[in-house]
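Visitor: Per our numbering, the sequence shown starts with residue 1433, numbered consecutively.
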Amino acid sequence: MRNGDDMDILKPEDIKKRFEGKFWVSPYSRILAMTDGAVVELVEDHARGTCYGGAAWEVHHYPKTSSLIYHARRDGPRNIFRTRIGETSLDLVPGLAAAGIEKVSTSKSEIRVQYSGLGGAGVAIAMARGQAEGVEQVEVYEWGGGGKRARAAVVLPRYEKVVFGIDDTDSPESGATWALANEIGYTLGKEAGVYHLDHTINQLYPQNPHKTQNCVSIAISFAVSAEKKDWLVSQVKDLLAEHTVSDETGLAVFSGIDVPEDLKRYSRMAKMRMVEVEDARQAAKQAGIILYAVTGERGLIGAVAAIGFYDDPDSAVRVDV
């Protein structure tokens, strides 16, 4: 459909039909967008869920091109961008700064991300992203392809981000906290309006006398619709209570995107020395984290610490950070 502003508005099925059989268009697998009201996090599973190179290329180029992007990382074929809400102009340079995000806006129910790119990067903007799971529609200003520039906006449902810190679910005889947390994420991620994003293993103080063996806590994060958020928290609590084999299981719940600096400091401290439950409660209060002593309080220490590194899995597994 073309509107009066000289813009094509298409649903994913329209784009699929338009480019069916075109092997030079490789669709993205899924795109999700979350906001806390101040910033937006964009999670893009690149072409066919296998294009590591495309993800690496975009994570390299987009932050250089767009001043809206303040954080970018790659997890396999997945791009993760954090952006400010607003608009900027892009100075596109072939091979050096060839694509980026030029506008991000939010409404009560949607998040709109506008891209611009040259050449093959332009193909990714509307033709490939427009076919992804999670996209409501695409607004195309310039189609691009070949050596041409493309400009388009992708309209996505608005989600919130919720991060759960979990610790102390096992015993010397049985259980594994990392696996229990992963199964909870996998199970709940099948629900409509709930997407399990990632799983982070956080190393704690190895000399802790209360440890079962390796002394780690876990963070799992979700994109969730506003109406499903309370349900999700309740389900995580219930599943932990049902499947833990420890009487000291703790759960911490963080609603947001960026990790506060005070929380990072607490998480580093929990890697280097013994800390107390009261330290965890104070760190949680400062960060707006809600705590649940599922079967006991000791697990709250590691549960809060896990959230401090939920978005940095390579650092989370280390003690010396």
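Beta carbons: idealized from backbone N, C-alpha and C, even for Gly.
Note that the structure is predicted; figures quoted are calculated from it, not measured.
(1) Report the option in 1639, 1573, 1559 whose CA atom is closest to the CA atom of residue 1707.
(2) Could you spell out where the beta strand (DSSP E) holding residue 1632 opens and where it closes?
(3) Does DSSP classify residue 1566 as helix, strand or coil?
(4) Looking at residue 1657: is its Cβ nearer than 8 Å to the Cβ of residue 1724?
(5) DSSP three-state label for residue 1648, please.
(6) Can you check the region 1690-1724 for any alpha helix (DSSP H) of at least 4 residues that lies completely inside it and give the ranges in chain order?
(7) Please classify residue 1524: is it buried, with 16 or more other beta-carbons within 10 angstroms of its beta-carbon, or exposed?
(8) Anyone know if the C-beta pair for residue 1757 and residue 1738 falls short of 8 Å?
(9) Grab the span of the beta strand (DSSP E) containing residue 1543 for me, first residue to last.
(10) Mind checking whether residue 1563 and residue 1696 have CB atoms under 8 Å apart?
(11) Considering residue 1459, what are the terminal residues of the beta strand (DSSP E) in which it resides?
(12) If you reduce the DSSP assignment to three classes, tell me which class residue 1444 lands in.
(13) Mind checking residue 1455: buried by the 16 CB within 10 Å criterion, or exposed?
(14) Which residues mark the beginning and the end of the beta strand (DSSP E) in which residue 1589 is found?
(15) If you draw a straight line from the alpha carbon of residue 1669 to that of residue 1684, how long is it in whole angstroms?
(16) Would you call the region 1510-1526 and the region 1556-1572 touching, i.e. three or more CB-CB distances under 8 Å?
(17) Helix, strand or coil for residue 1515 per DSSP?
(18) When you compare the CB positions of residue 1551 and residue 1530, do they come within less than 8 Å of one another, or not?
(19) Rounded to whole angstroms, what's the CA-CA distance from residue 1747 to residue 1444? Just pull it up for me.
(20) Report yes if the CB atom of residue 1545 is closer than 8 Å to the CB atom of residue 1533, and no otherwise.
(21) Can you check whether the CB of residue 1673 is closer than 8 Å to the CB of residue 1698?
(22) According to the neighbour-count rule (16 or more other Cβ atoms, all chains shown, within 10 Å of its Cβ), is residue 1463 buried or exposed?
(23) Considering only their Cβ atoms, is the gap separating residue 1596 from residue 1651 smaller than 8 Å?
(24) Below 8 Å, can you find three or more Cβ-Cβ pairs linking the region 1607-1623 to the region 1464-1474?
(25) Would residue 1664 and residue 1647 be called neighbours here (beta carbons separated by less than 8 Å)?
(26) Check each candidate in 1733, 1446, 1506, 1475 and name the one with the smallest Cα separation from residue 1485.
(27) Just the Cα atoms here: how many angstroms apart are residue 1726 and residue 1736?
(28) Between residue 1494 and residue 1504, how many whole angstroms is the CB-CB distance? I'm expecting something under 8 Å.
(29) Determine the DSSP secondary structure at residue 1619, reduced to helix, strand or coil.
(30) List the endpoints of the continuous beta strand (DSSP E) containing residue 1484.
Guide: With the structure as the only source:
(1) By one-based count along the sequence shown, residue 1707 stands at place 275. When only C-alpha atoms are compared, the closest one is 1639.
(2) Start at 1 with the first residue of the sequence shown, and residue 1632 comes out as number 200. Run containing residue 1632: 1626-1635, per the beta strand (DSSP E) assignment.
(3) By 1-based counting over the sequence shown, the position of residue 1566 is 134. Looking at residue 1566 - three-state DSSP - the assignment turns out to be coil, as it is neither helix nor strand.
(4) On the sequence shown, residue 1657 is found 225 positions in, with the first residue counted as 1. On the sequence shown, residue 1724 is found 292 positions in, with the first residue counted as 1. Not a contact, by the Cβ cut-off of 8 Å.
(5) Within the sequence shown, numbered from 1, the residue matching residue 1648 stands at position 216. Three-state result, residue 1648: strand.
(6) 1693-1704, 1709-1719
(7) If you number the sequence shown from 1, residue 1524 lands on position 92. When all chains shown are included, residue 1524 counts as buried.
(8) No statement about residue 1757 is possible, as the shown extent of the chain runs from 1433 to 1753 and does not include it.
(9) The residue given as residue 1543 occupies position 111 in the sequence shown. Note, residue 1543: beta strand (DSSP E), 1542-1550.
(10) Reading the sequence shown from its first residue, position 131 is the one you call residue 1563. Reading the sequence shown from its first residue, position 264 is the one you call residue 1696. Not a contact, by the Cβ cut-off of 8 Å.
(11) Numbered from its first residue, the sequence shown carries residue 1459 at position 27. First-last for residue 1459: undefined, no H or E at that position.
(12) Position 12 of the sequence shown, counted from the start, is the residue given in the question as residue 1444. Looking at residue 1444 - three-state DSSP - the assignment turns out to be helix.
(13) Numbered from its first residue, the sequence shown carries residue 1455 at position 23. So residue 1455 counts as exposed.
(14) Position 157 of the sequence shown holds residue 1589. Counting along the chain, the beta strand (DSSP E) containing residue 1589 begins and ends at 1581-1589.
(15) As a first step, residue 1669 is located in the sequence shown; it is residue number 237 there, counting from the start. As a first step, residue 1684 is located in the sequence shown; it is residue number 252 there, counting from the start. Those two C-alpha atoms are separated by around 10 Å.
(16) no
(17) Against the sequence shown, residue 1515 aligns to sequence position 83. Residue state, collapsed to three classes: strand.
(18) Translated into positions along the sequence shown, residue 1551 becomes position 119. Translated into positions along the sequence shown, residue 1530 becomes position 98. Result yes, Cβ atoms of residue 1551 and residue 1530 sit closer than 8 Å.
(19) Counting from one through the sequence shown, the residue named residue 1747 turns up at place 315. Counting from one through the sequence shown, the residue named residue 1444 turns up at place 12. If you take the alpha carbons of residue 1747 and residue 1444, they lie about 37 Å apart.
(20) Counting from 1 along the sequence shown, the entry for residue 1545 is found at position 113. Counting from 1 along the sequence shown, the entry for residue 1533 is found at position 101. Yes.
(21) The residue you call residue 1698 lines up with position 266 of the sequence shown. The residue you call residue 1673 lines up with position 241 of the sequence shown. Cβ atoms of residue 1698 and residue 1673: not closer than 8 Å.
(22) Residue mapping note: residue 1463 aligns to position 31 of the sequence shown, counting from 1. By the 10 Å Cβ count, residue 1463 comes out buried.
(23) Within the sequence shown, residue 1651 is the residue found at index 219, counting from 1. Within the sequence shown, residue 1596 is the residue found at index 164, counting from 1. The answer is yes: Cβ separation under 8 Å.
(24) no
(25) One-based indexing of the sequence shown puts residue 1664 at position 232. One-based indexing of the sequence shown puts residue 1647 at position 215. No, the pair does not count as a contact, with Cβ atoms beyond the cut-off.
(26) Here residue 1485 refers to the residue found at position 53 when the sequence shown is read from its first residue. It is 1506.
(27) Locating residue 1726 in the sequence shown gives position 294, where the first residue counts as 1. Locating residue 1736 in the sequence shown gives position 304, where the first residue counts as 1. Computed Cα separation, rounded: 14 Å.
(28) If you number the sequence shown from 1, residue 1494 lands on position 62. If you number the sequence shown from 1, residue 1504 lands on position 72. Going by Cβ atoms, the distance from residue 1494 to residue 1504 rounds to 6 Å, so yes, they are a contact pair.
(29) Counting from 1 along the sequence shown, the entry for residue 1619 is found at position 187. Residue state, collapsed to three classes: helix.
(30) Numbered from its first residue, the sequence shown carries residue 1484 at position 52. Where residue 1484 is concerned, there is no enclosing beta strand (DSSP E), although the alpha helix (DSSP H) it sits in stretches over 1484-1497.
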